[in-house]
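Accompanying notes for the structure given below.
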Amino acid sequence: MSKGKEVRIARLLKAGRGLDIALDHGVCNEPSFLDGLEDMPGVIDRLVAAAPDAIQLNYGQADLLQLRPGHERPALVMRLDMGNPYNATRHRSMWAVLQNEHDPVLPAVQMDAACVVVNLFMLPDEPELFRQCVQNIARVRADCDRYGMPLMIEPLVMQAHGAGRGGYMVDGDAEKIVTLVRLAREMGADIVKADPTRDPKDFHRVVQAARCPVLVRGGGREDLQQVFARSRVLLDQGAVGMVYGRNVYQHANPFAVVSALMAMIHEGASAEAAWALYESGGAARSR
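Going left to right, the sequence shown walks through residues 21 to 307 as this note's numbering numbers them.
Spelled out as structure tokens, the structure:
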């Protein structure tokens, strides 16, 4: 790994561990994802005050983080791609494209990002979408190597459209997740953002396949006590942190949620201790 990548990863993962709050949902073109993100300057203000390790944004919102005065702010993780698999309505054509096809990593370099992230979708009966993702990753990886920018790949194994709660939902099958994570590593991932396995005690297999730092993807909003309980198991299975979005920004007190998750990731807090910290409003968090 180049020195440039090492320096940026050190900004993203403090002592090798990290919490990345994803606010990049606007490019999904799915109205339900925007609940809680209507006032982006206000959301960024609240999350910077909560002090996670990183905030994940698209180019068009990155200035809200990077142009803030002072140097004490979370690292920027910039998403480089966009697509339509998250829409509740199934489309005739499924696609995933880079937001800047000419020089996709340059905007992240210009905005002083610590890392970039690209999807690797595996949807039933959508081989063309998968091929597009592989092409995106191959294009981005070459530029990441050139610029010394860490590449986070997000392998996403999805169920058939309409299964469960509607739309393409997370599959959770350990065999499928491990296989796709291994592919991400084979393509050169510096960091993997992976779905949790249906049984979180299987997640060590994902970590083994990745052979690089693994952050767990959060997905849709759930009961917070269950989120903490599952997160503790996943961390114990070898995950170095989380990339959570709706489970943070759609809560009434994002500061308290971030405080609890940071305590779990960086201090080894139990799920019960994290819940107590959350209920206290995050006031007991060591800063």
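Backbone N, C-alpha and C fix where the C-beta goes; we use that ideal spot for every residue, glycine too.
Backbone secondary structure at residue i - three-state DSSP
i, result
"R66", "helix"
"C232", "coil"
"M21", "coil"
"N139", "strand"
"L85", "helix"
"R28", "helix"
"L57", "coil"
"A35", "coil"
"D256", "helix"
"L158", "It is Ala, not Leu, that sits at residue 158 in the sequence shown. In this structure, A158 counts as helix in the three-state DSSP scheme."
"R151", "helix"
"S306", "Because the pLDDT of S306 is 48, which lies under 50, any placement of that residue in the model is unreliable, and the number read from its coordinates should be weighed accordingly. Three-state result, S306: coil."
"R250", "helix"
The beta strand (DSSP E) enclosing residue i, as first and last residue numbers
i, result
"M284", "Note, M284: premise wrong, no beta strand (DSSP E); alpha helix (DSSP H) at P274 to E287."
"P94", "Taken as a continuous stretch (DSSP letters only), P94 belongs to no beta strand (DSSP E), as it is neither H nor E."
"Q5", "Residue 5 lies beyond the residue range present for the chain, which begins at 21 and ends at 307; the question has no answer from this structure."
"V263", "G261 to Y264"
Integer Cβ distance of residue i from residue j, believed to fall under 8 Å
i, j, result
"V201", "P175", "5 Å"
"L77", "M98", "6 Å"
"D255", "P216", "It is worth fixing the name first, because residue 255 is Leu in this sequence and not Asp. So it is not a contact: roughly 11 Å between Cβ atoms."
"L143", "I157", "Actually they are not in contact, since the Cβ atoms of L143 and I157 sit about 16 Å apart, beyond 8 Å."
"G208", "V234", "15 Å between Cβ atoms; not a contact."
"V160", "L149", "In fact, because the Cβ distance is near 16 Å, the residues do not count as touching under 8 Å."
Own chain residues within Cβ distance below 8 Å of residue i, not counting five before or after
i, result
"N120", "Y79, L100, L126 and P127"
"W295", "L244, Q245, F248 and A280"
"L57", "L43, H45, G46, V63 and Y269"
Sequence-distant residues of the same chain with beta carbon closer than 7 Å to residue i, five excluded per side
i, result
"P147", "none"
Any non-hydrogen atom of the ligand MG closer than 7 Å to residue i Cβ
i, result
"L32", "Summarising the ligand content, the structure contains no ligands, and the ligand MG is consequently not present."
Same chain, Cβ closer than 6 Å to residue i, neighbours up to 5 away in sequence not counted
i, result
"F41", "Looking at the sequence itself, residue 41 is Ile, so the reference to Phe does not match. Excluding sequence neighbours, I41 sits near L67, P72, I75 and V268."
"H271", "V277"
"G261", "R37, G38, L39, L235 and I285"
"H224", "Q257 and G258"
"R250", "P220"
"Y167", "V125 and V129"
"A230", "V201, R205 and V212"
"Y264", "G238"
"E299", "none"
Start and end residues, alpha helix (DSSP H) containing residue i
i, result
"A71", "Where A71 is concerned, there is no enclosing alpha helix (DSSP H), given that its DSSP letter is neither H nor E."
"L297", "A291 to E299"
- Could I get the ranges of all uninterrupted beta strand (DSSP E) runs contained in the region 103-148, with 3 residues as the minimum, in chain order? 116-118 and 135-142
- Item | Contained beta strand (DSSP E) runs [length at least 3] in the region 161-228, N- to C-terminal order | 171-177 and 211-214
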